[in-house]
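*Asks:* As they're listed, the protein sequences go chains A and B. Under our numbering, the first residue of the first sequence is numbered 1, with each subsequent residue one higher. Under our numbering, the first residue of the second sequence is numbered 1, with each subsequent residue one higher. Heads up, the beta-carbon is just placed ideally off N, CA and C, and yes, glycines get one too. Just so we're clear, the structure is a prediction, and the values are computed from it rather than from any experiment. Provided herewith is a single structure, encoded as structure tokens, for subsequent inquiry.
There are 2 protein chains.
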Amino acid sequence: MTEKEFTLEGLSEELSETAERVVDLIKEKNYTEVKKIATELPAPDIAEIYAEIPIEIETLFFRLLPKELAAETFVEMDTEDQRRLIDSFTDTQLYDILSEMYIDDTVDIIEEMPATVVKRILKNTSKEDRATINTILNYPKDSAGTVMTTEYVRFKAEMTVGAALSHIRKVAIDKETIYTCYVTDENRHLLGIVTAKDLLISDPETVVGSIMDDAVISVSTHDDKEEVALLLDRYGFLAMPVVDNENRLVGIITVDDAIEVIKEESEEDFAKMAAITPSETPYLKTNVFDIWKARVPWLLILMISSTISSAILAGFEAALPAVLVLFVPMIMGTGGNSGGQSSVTVTRSISLSEVDFSDLPRVFWKELRVGILCAVALGVVTFGKVMLIDGLLLGNSAIDLTVSLVVAISLSLTIIAAKVIGAVLPLLAKKIGLDPAVMASPLITTLVDAISLIIYLFCARGILNI
Amino acid sequence: MTEKEFTLEGLSEELSETAERVVDLIKEKNYTEVKKIATELPAPDIAEIYAEIPIEIETLFFRLLPKELAAETFVEMDTEDQRRLIDSFTDTQLYDILSEMYIDDTVDIIEEMPATVVKRILKNTSKEDRATINTILNYPKDSAGTVMTTEYVRFKAEMTVGAALSHIRKVAIDKETIYTCYVTDENRHLLGIVTAKDLLISDPETVVGSIMDDAVISVSTHDDKEEVALLLDRYGFLAMPVVDNENRLVGIITVDDAIEVIKEESEEDFAKMAAITPSETPYLKTNVFDIWKARVPWLLILMISSTISSAILAGFEAALPAVLVLFVPMIMGTGGNSGGQSSVTVTRSISLSEVDFSDLPRVFWKELRVGILCAVALGVVTFGKVMLIDGLLLGNSAIDLTVSLVVAISLSLTIIAAKVIGAVLPLLAKKIGLDPAVMASPLITTLVDAISLIIYLFCARGILNI
Numbered sequence: 001m002t003e004k005e006f007t008l009e010g011l012s013e014e015l016s017e018t019a020e021r022v023v024d025l026i027k028e029k030n031y032t033e034v035k036k037i038a039t040e041l042p043a044p045d046i047a048e049i050y051a052e053i054p055i056e057i058e059t060l061f062f063r064l065l066p067k068e069l070a071a072e073t074f075v076e077m078d079t080e081d082q083r084r085l086i087d088s089f090t091d092t093q094l095y096d097i098l099s100e101m102y103i104d105d106t107v108d109i110i111e112e113m114p115a116t117v118v119k120r121i122l123k124n125t126s127k128e129d130r131a132t133i134n135t136i137l138n139y140p141k142d143s144a145g146t147v148m149t150t151e152y153v154r155f156k157a158e159m160t161v162g163a164a165l166s167h168i169r170k171v172a173i174d175k176e177t178i179y180t181c182y183v184t185d186e187n188r189h190l191l192g193i194v195t196a197k198d199l200l201i202s203d204p205e206t207v208v209g210s211i212m213d214d215a216v217i218s219v220s221t222h223d224d225k226e227e228v229a230l231l232l233d234r235y236g237f238l239a240m241p242v243v244d245n246e247n248r249l250v251g252i253i254t255v256d257d258a259i260e261v262i263k264e265e266s267e268e269d270f271a272k273m274a275a276i277t278p279s280e281t282p283y284l285k286t287n288v289f290d291i292w293k294a295r296v297p298w299l300l301i302l303m304i305s306s307t308i309s310s311a312i313l314a315g316f317e318a319a320l321p322a323v324l325v326l327f328v329p330m331i332m333g334t335g336g337n338s339g340g341q342s343s344v345t346v347t348r349s350i351s352l353s354e355v356d357f358s359d360l361p362r363v364f365w366k367e368l369r370v371g372i373l374c375a376v377a378l379g380v381v382t383f384g385k386v387m388l389i390d391g392l393l394l395g396n397s398a399i400d401l402t403v404s405l406v407v408a409i410s411l412s413l414t415i416i417a418a419k420v421i422g423a424v425l426p427l428l429a430k431k432i433g434l435d436p437a438v439m440a441s442p443l444i445t446t447l448v449d450a451i452s453l454i455i456y457l458f459c460a461r462g463i464l465n466i
Numbered sequence: 001m002t003e004k005e006f007t008l009e010g011l012s013e014e015l016s017e018t019a020e021r022v023v024d025l026i027k028e029k030n031y032t033e034v035k036k037i038a039t040e041l042p043a044p045d046i047a048e049i050y051a052e053i054p055i056e057i058e059t060l061f062f063r064l065l066p067k068e069l070a071a072e073t074f075v076e077m078d079t080e081d082q083r084r085l086i087d088s089f090t091d092t093q094l095y096d097i098l099s100e101m102y103i104d105d106t107v108d109i110i111e112e113m114p115a116t117v118v119k120r121i122l123k124n125t126s127k128e129d130r131a132t133i134n135t136i137l138n139y140p141k142d143s144a145g146t147v148m149t150t151e152y153v154r155f156k157a158e159m160t161v162g163a164a165l166s167h168i169r170k171v172a173i174d175k176e177t178i179y180t181c182y183v184t185d186e187n188r189h190l191l192g193i194v195t196a197k198d199l200l201i202s203d204p205e206t207v208v209g210s211i212m213d214d215a216v217i218s219v220s221t222h223d224d225k226e227e228v229a230l231l232l233d234r235y236g237f238l239a240m241p242v243v244d245n246e247n248r249l250v251g252i253i254t255v256d257d258a259i260e261v262i263k264e265e266s267e268e269d270f271a272k273m274a275a276i277t278p279s280e281t282p283y284l285k286t287n288v289f290d291i292w293k294a295r296v297p298w299l300l301i302l303m304i305s306s307t308i309s310s311a312i313l314a315g316f317e318a319a320l321p322a323v324l325v326l327f328v329p330m331i332m333g334t335g336g337n338s339g340g341q342s343s344v345t346v347t348r349s350i351s352l353s354e355v356d357f358s359d360l361p362r363v364f365w366k367e368l369r370v371g372i373l374c375a376v377a378l379g380v381v382t383f384g385k386v387m388l389i390d391g392l393l394l395g396n397s398a399i400d401l402t403v404s405l406v407v408a409i410s411l412s413l414t415i416i417a418a419k420v421i422g423a424v425l426p427l428l429a430k431k432i433g434l435d436p437a438v439m440a441s442p443l444i445t446t447l448v449d450a451i452s453l454i455i456y457l458f459c460a461r462g463i464l465n466i
């Protein structure tokens, strides 16, 4: 029993120290002490230690772990560590580890492994598990079926509470959760849900069917996993039942997997909005070349698409006073920022299912008004700033009232256009099946850049009469 | 038992229809049917219906709900709906609702209410609850103490499993979770954890102390709530115990609250990265003026800070051939995008506690190499693009080999600088106690804009000899 506070940073440092100690102990062949240290730690911590010790001793370290803890630790490891370890296993060892694991964890690992390793894994699972794994692997990408687990507790409606509790006692060890149990008929049609709490507070003689909740909320194997995770969160469930298209229970999605989905999907949106191809590998563990591959195509696309702005600017420059060119970066930048604000807001609202295409008129009207308010505020300030700071303070004699007016009006119109475009594009993208998050990325900036230049050009022509 | 698939969009439409039906039924005074509809729905759905029905009948609708469901629904409502409802309550009604609620939910509501309402709420809670609420309200902002609940199940180590299960049966109704229980001494010092699963599979005569897990992971009331949520997620806990600085158990944080924290914190980062002041109100429910208030200060700051770029450009323009000005938006844009990629990546890694200040040298070295790789790729492409597209295709006769070279080299150096700055600034911000997410926002773009112009200026001077 320690009394120190837990933080992830502190934990990481502590585990590094433990890793060093483990290395020393293994060198001294003091395996008893290593075992003792390991069995006192939770699996994610052992996996972190495993990642830090030298490759030469990692297999030895792994074999010191008790069977169940070894399987739990294996699930928590990096893909690369898992692959190396599988290579070091005999078929019997692999079979033992795999039979200790939950099927959804096995599937997660299979999805990251090269074909030869997948073949070995499938060869070393029981026939029944192999069939289940193959079914799960065949569900569409990002569907509920791919994240569910097939190990849940199932009762018949006629069972008594007492019998149900005895059943839980017997099967608990192999089930991912025993706290939400499912009542089905003999064909696995989902009839109701009963929680361990319901069972505990009911009379042992009661029939399960009479205490179950039959207003079941379930999802289908083909539903989007993010929708499912948000639904589980909405109702505060510990698990969500997954049924096939004949309402037969085929699996459950537990709250820990739902958290993973929610985290993954928001990290994906962060990446896309920053014009990066999403990856599930943590930053520090991704090699330079992979980071480069995820970033450079987007930089290239955006760079080349900026040719449009350059071309507009080229036409513009010949026609207009040089003094106006000075404010191009400011107008383009503010336009980009304004559009970014609305596009990120709307894209996240789409991701969280708070907004959909049918809200387009409301979103348009909202952003138009926000845009006008922002335009007025920034227009007035810009007019003053251009006159006073750029004109008087920085002593640019080419700046007069008309120039300030052209800049302020162009900026205002750009802001309104950017806000509306930024809000509407993600909704349109979603409607036609594109990814709204990509719309919230610098791609919108490129579009807004071009539009802001055209607005600037027309304002200058109109007001300065050129 | 329905067989249709659940999606959040479909659910929303369905609830709108139910709301219309409820309005009709209330007009017909068919309250029995309204009650029947409501009792079959989970609280979050009733809260959504409540938000859609006209204000005149909402109080009436709420009073038709059974007591427990009414309290659950109240917790799920929008702040505005809650406030109106509290105003309509008599003191007795308010007391009844509050006594049905978990204390952490009461605290959440209090935090959003105006002072007069808070006063009424506190007046209508039991003396004991009031003391607890006040303690929780006094914990620092964003600390574990502010999100914990004080209603958990506690055992003495000497209790038998059978007695523990009986105890659970008795108190289950008032506890937020019964699935993770805590073993303490008589002074509430946390000794161990025992799950409902452990209790169910153990012999009723066994002593709780002998089956508890004493390698307890706990957090302190003052720990950051995001760290705590990530820690709970790391270990797959359903609840995390919170202790005071003498290791006395004061509360627990349940998995549903941890999910809220994770979601909230990533939405905050999204907002900050888009240069918006974060808000917890969903987009469609935020009024135009509040959206404006969250966005306009940042647009102003960024607009004014762009004066730096304008000033550099002003000095630049007088000295340099007009043709180079054409590429200013492209160089600044690519610099901004490059910096954005690295800053968003590093900022999220900091938020997820994957990276901290001690990783600065590794991050610097990684981004330097990624930057060089990107710089080479984009440099080569830009050189070709400027020569071929801008020069030949768009027929700009001022573009020659030297101009293309100046543009390509400036772009390459800008990319490297932007990548390194984007990665290092968030780490520095974190170190000196600033918010890294604000660094990932357009503020970095402003800085990179200025630096890219200076690089461009020096390259042009160096290569073109001006």
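With G422(A) and S309(A) assumed to form a contact (beta carbons below 8 Å), what rounded beta-carbon distance in angstroms separates them?
*Replies:* Their Cβ separation, rounded to whole angstroms, is 17 Å, which puts G422(A) and S309(A) out of contact at 8 Å.
*Asks:* Rounded to whole angstroms, what is the Cα-Cα separation between L238(A) and L232(A)?
*Replies:* Computed Cα separation, rounded: 8 Å.
*Asks:* Which residue spans inside the region 324-378 of chain B form an unbroken alpha helix (DSSP H) run of at least 4?
*Replies:* Those alpha helix (DSSP H) runs which fall completely within the region 324-378 of chain B and span 4+ residues are 328-351.
*Asks:* Could you tell me if T2(A) is buried or exposed, where buried requires 16 or more neighbouring beta carbons within 10 angstroms of its beta carbon?
*Replies:* Only weak support is given to the placement of T2(A): the predicted model assigns it a pLDDT of 43, under 50, and the question is left unresolved by the model.
*Asks:* Rounded C-beta distance between R169(B) and I259(A)? I'm assuming under 8 Å.
*Replies:* Wrong, their Cβ atoms sit about 30 Å apart, outside the cutoff.
*Asks:* Output the distance between the C-alpha atoms of S467(A) and R188(B), rounded to the nearest integer angstrom.
*Replies:* Lying outside 1 to 466, the shown extent of chain A, residue 467(A) is not represented and no answer is given.
*Asks:* DSSP three-state label for M303(B), please.
*Replies:* Here M303(B) sits in helix by DSSP.
*Asks:* Counting contacts by CB-CB distance shorter than 8 Å, is Q341(A) in contact with chain B?
*Replies:* Taking Cβ atoms only, chain B reaches closer than 8 Å to Q341(A), which makes this a yes.
*Asks:* Starting from T32(B), follow the alpha helix (DSSP H) in both directions and report where the run begins and ends.
*Replies:* From DSSP, the alpha helix (DSSP H) with T32(B) extends over 31-39.
*Asks:* In chain B, what lies closer than 9 Å to E40(A) by C-beta?
*Replies:* The contacting residues are A215.
*Asks:* Can you round the beta-carbon distance between A303(B) and L378(A) to whole angstroms, since I take them to be within the 8 Å contact cut?
*Replies:* The sequence shown places Met at residue 303(B), not Ala. About 6 Å separates the two Cβ atoms, so the contact holds.
*Asks:* For V183(B) and D214(B), what's the separation of their Cα atoms in angstroms?
*Replies:* Distance between the alpha carbons of V183(B) and D214(B) is about 9 Å.
*Asks:* Using C-beta distances below 7 Å, list every residue in its chain close to Q82(A), excluding the 5 sequence neighbours before and after it, in chain order.
*Replies:* F74, I109, listed in sequence order.
*Asks:* Would you say F327(B) lies against chain A (beta-carbon separation less than 8 Å)?
*Replies:* F327(B) counts as touching chain A.
*Asks:* Taking its Cβ as the centre, do 16 or more other Cβ atoms sit within 10 Å of S358(B), making it buried, or is it exposed?
*Replies:* Counting Cβ neighbours within 10 Å, S358(B) comes out exposed, since fewer than 16 surround it.
*Asks:* When DSSP builds the beta bridges, which residues end up paired with R154(B)?
*Replies:* Note: R154(B) sits in a beta bridge opposite Y182(B).
*Asks:* Measure the C-alpha to C-alpha separation of L11(A) and M212(A) and round it to an integer number of angstroms.
*Replies:* If I take the Cα positions, the gap works out to 42 Å.
*Asks:* Is it the case that the region 413-422 of chain B contacts the region 335-351 of chain B, given that we only count it when at least three CB pairs across the two stretches are under 8 Å?
*Replies:* Yes, they touch.
*Asks:* At a Cβ threshold of 8 Å, is Y182(A) touching chain B?
*Replies:* False, the Cβ-Cβ gap to chain B never drops below 8 Å.
*Asks:* Checking 8 Å against the spacing of the C-beta atoms, do V22(B) and F61(B) come in under that value?
*Replies:* Yes.
*Asks:* In this structure, how does DSSP classify M1(A) when only helix, strand and coil are distinguished?
*Replies:* Bear in mind that the predicted position of M1(A) carries a pLDDT of just 38, short of 50, making it unreliable; the figure below should be weighed with that in mind. Coil, per DSSP.
*Asks:* Report the neighbours of F270(B) on chain A: residues whose CB is nearer than 9 Å to its CB, in chain order.
*Replies:* Per Cβ cutoff of 9 Å: S266, D269, F270, M273, V344, T345, T347, R348.
*Asks:* I want to know whether the region 28-38 of chain A touches the region 247-261 of chain B - three or more CB-CB distances under 8 Å.
*Replies:* As far as the Cβ criterion goes, the region 28-38 of chain A does not touch the region 247-261 of chain B, which means the pair count is below three.
*Asks:* For K123(A), which residues from the same chain have a beta carbon less than 8 Å from its beta carbon, with the 5 sequence-adjacent residues on both sides left out?
*Replies:* For K123(A), where only same-chain residues beyond five positions count, the Cβ hits under 8 Å are D91.
*Asks:* Measuring CA to CA, which of R362(A), L373(A), I409(A) is closest to G384(A)?
*Replies:* Per the Cα distances, I409(A).
*Asks:* Determine the DSSP secondary structure at L137(A), reduced to helix, strand or coil.
*Replies:* Helix.
*Asks:* Let me know the secondary structure DSSP gives T160(A) once reduced to three states.
*Replies:* The answer is strand: DSSP assigns T160(A) an E or B state.
*Asks:* According to DSSP, simplified to helix, strand and coil, what is V407(B)?
*Replies:* V407(B) falls in the helix class under three-state DSSP.
*Asks:* Looking at the unbroken alpha helix (DSSP H) that takes in P436(B), where does it start and where does it end?
*Replies:* Here the alpha helix (DSSP H) through P436(B) covers 436-439.
*Asks:* Strictly below 7 Å CB to CB, what residues from chain A border I304(B)?
*Replies:* Those are K385, listed as they occur along chain A.
*Asks:* Pull up the CB-CB distance for L94(A) and I86(A), whole angstroms please, since I reckon it's below 8 Å.
*Replies:* That belief holds up - the Cβ atoms of L94(A) and I86(A) are roughly 6 Å apart, short of 8 Å.
*Asks:* Kindly indicate if chain B contains any beta-carbon less than 8 Å away from that of A71(A).
*Replies:* Closer than 8 Å: no.
*Asks:* Kindly indicate the opening and closing residues of the beta strand (DSSP E) around V194(A).
*Replies:* Taken as a continuous stretch (DSSP letters only), the beta strand (DSSP E) holding V194(A) covers 190-195.
*Asks:* Please tell me whether, using a cut-off of 7 Å, the distance from the CB of A229(B) to the nearest non-hydrogen atom of the ligand PLP is below it.
*Replies:* Absent from the structure shown: the ligand PLP. Ligands present: none.
*Asks:* Between the Cα of I253(A) and those of T180(A), E268(A), L64(A), spot the shortest distance and give me the residue it belongs to.
*Replies:* Here the closest residue by C-alpha is T180(A).
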